[in-house]
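Everything on this sheet refers to the single structure shown next.
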Amino acid sequence: MPGSAEVDGAGYAAVRETHTSVLFLVGDRVHKMKKPLDLGFLDNRTRAARERACHREVDLNRRMAPDVYLGVADVHGPDGQVCEHLVEMVRLPDDRRLAMLARRGDEIDPILDSVARQVARLHASSPRDAAIDRCASADFLSNLWALSLDHLERLPVGIRAASAVVRIRTAATRYIEGRAPLFAARIEAGRAVDGHGDLLADDIFCLDDGPRIIDCLEFDDELRYGDGLLDIAFLAMDLERAGAEGAARKLLHSYAVATGDEPPRSLVHHYIAYRALVRAKVTALRHEQGDEASGAVAMEFLAQVERHLERARVRLVLVGGVAGTGKSTLSRTIGGYLGASVLRSDVIRKELAGIGPTDRTGDDVDSGLYSSVHTDATYEEMMARASAELAHGRSVVLDATWLSEVQRVRAREVAVAAAAEVVEIECRADTAVLVDRIRARAERDDDPSDATPAVLAAQLDRRDEWPAAVVVDTTGPGAVDDAWSERELGLAPW
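Going by numbering that gives the first Met the number 0, the sequence shown opens with residue 0, and the numbers climb by one from there.
Here it is, written out as structure tokens:
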């Protein structure tokens, strides 16, 4: 058998309670009884409903742990009639739970690889149909957020929860509203699956012959359906909650390797945030059922939701300034911090002309490639590419001079259309330093910029004031650091 009572720290017999069930641990067996409750998202008040739920739990969990789920036992009363039903399971050793190993700081990377592969196999074997696809759509996900937040609002977990719910609802709604193409693309790529639905580190037992993953969600198929990334995000959330952020990242990496899935980082954090919200709701339910300590735990989960929604923010960053201000260097730094695409106008301008990035045309101010027609076309192409990236959940850094307020207004419109946040940054430096940089760059002849001291003079003369921008003085080295990035850009994605 996978486990035995003699290695279980709970002793020969114990009773445990969740928000939906009571578990009787006796010897080498677990007898799991469904509570006769209506919790809104499930209704087990009748014996028939509990019987169906028991059989459904056994059938679904045998997909991943067939040797743990023994079947359903019928309980007979003194009159000989069936009065209850219990899920019968092999009792697994508490000290081999993944949660305990993670909290102890044990080496669990090989276990995480194995868990990721098992979950990936479950997802690969999933049927593909319209009902499952629907549960990975933007509309369905939006409804999931709304249902959990509405439920949480009705629970007495304190005034702080009410204010957090308002912030969470705003951030989650904004993300989904701008990402319809992302969700559609993932469905088209076959990422919608019938998964586990409730992956928690406490329900993964790390045995000598491999992990056993138990206790999948059985009471509502639609809560088990959805994006495979949303499924694995549950366990990533739980590992982080246990203080093992490194393990959470490792799990996500292993799942990406096993599935070939390379989602935008924002989506990873959005899904982790949703899973933390589910745990906040469940914990608040336990508080309502009389577990006083669960109120504070629910608030901790809500804090986790907000952290990940912050990391999930999709941002359009305009990095501008006249020639030689170091905006391309700063753009690369910001792109690395946010995991964002960096689009440079100097490169796009030459792509549109069909020439190489460092090819020289000899065109001067207001002529050839630098005429207003070509400049407008360059900015429009840059913003069209940015719009597509934002819609697919990827933050974008736009590296250009941004001398014209008209162009900045257009960029803000792109951000609004994609429900993205816009951050505007203007690089400045002493004029003498700018001239020296431009001349040194021309001597190297290795940069897409064609700017000359004459171009710089024209830019300084024409630039519109940029009051909305954060000004960064790049005269010297080290203009920005991690503290600046977090203050001006927010928390970075993992």
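In this text, a Cβ means the ideal position worked out from N, Cα and C, and glycines have one as well.
Source: prediction; values computed, not measured.
Check	Outcome
Rounded straight-line distance, which links the Cα of A115 to that of G289	36 Å
Neighbourhood of L100 by C-beta, 7 Å cutoff - its chain only, sequence neighbours within 5 removed	I107 and C205
Buried/exposed call for A4, threshold 16 Cβ in 10 Å	In this predicted model, A4 has a pLDDT of only 37, less than 50, meaning its place in the structure is not dependable enough to derive any value.
M63 to L36 span [Cα, whole Å]	27 Å
C-beta contact flag for H269 and A311 at 8 Å	yes
Residue from T374, P452, R359 and G225 with nearest C-alpha to A137	G225
T45, buried or exposed, once every other Cβ within 10 Å from all chains shown has been counted against 16	exposed
Beta-bridge partners of I212, as assigned by DSSP	I203
Residue burial classification, A390 (beta-carbon count within 10 angstroms, cutoff 16)	buried
With 16 other Cβ atoms within 10 Å as the buried cut-off, status of A383	exposed
Span of the beta strand (DSSP E), counted from its first residue to its last, around Y11	Premise fails: Y11 is in no beta strand (DSSP E) and is neither H nor E.
Per DSSP, cross-strand counterpart(s) of G319	E425
Any beta strand (DSSP E) of 3 or more consecutive residues that is wholly inside the segment 297-366	314-319 and 340-343
Buried versus exposed, by CB contacts within 10 Å (16 or more), H286	buried
Spatial neighbours of M0 in its chain, beta-carbon cut-off 8 Å, leaving aside the 5 residues before and after	Because the pLDDT at M0 is just 42, under 50, the model does not fix this residue reliably, and the point stays unresolved.
CA-to-CA distance, P210 to V6, given in whole angstroms	For V6, the pLDDT reaches just 40, beneath the cut-off of 50, and the residue's location in the model is therefore unreliable, although a value from the coordinates is still provided. Between V6 and P210, the C-alpha separation is close to 16 Å.
C82 - DSSP class collapsed to helix/strand/coil	strand
Own chain residues within Cβ distance below 8 Å of G325, not counting five before or after	C426, A428, R436, T473 and A478
R240 burial status per 10 Å Cβ neighbour count (16 or more: buried)	buried
Through-space distance from H84 to R15, alpha-carbon basis	17 Å
Proximity of A410 and L317 at Cβ, strictly below 8 Å	yes
Alpha carbon of V565 to alpha carbon of V415, nearest angstrom	Given a span of 0 to 493 for the chain in the structure shown, any question on residue 565 remains unanswerable.
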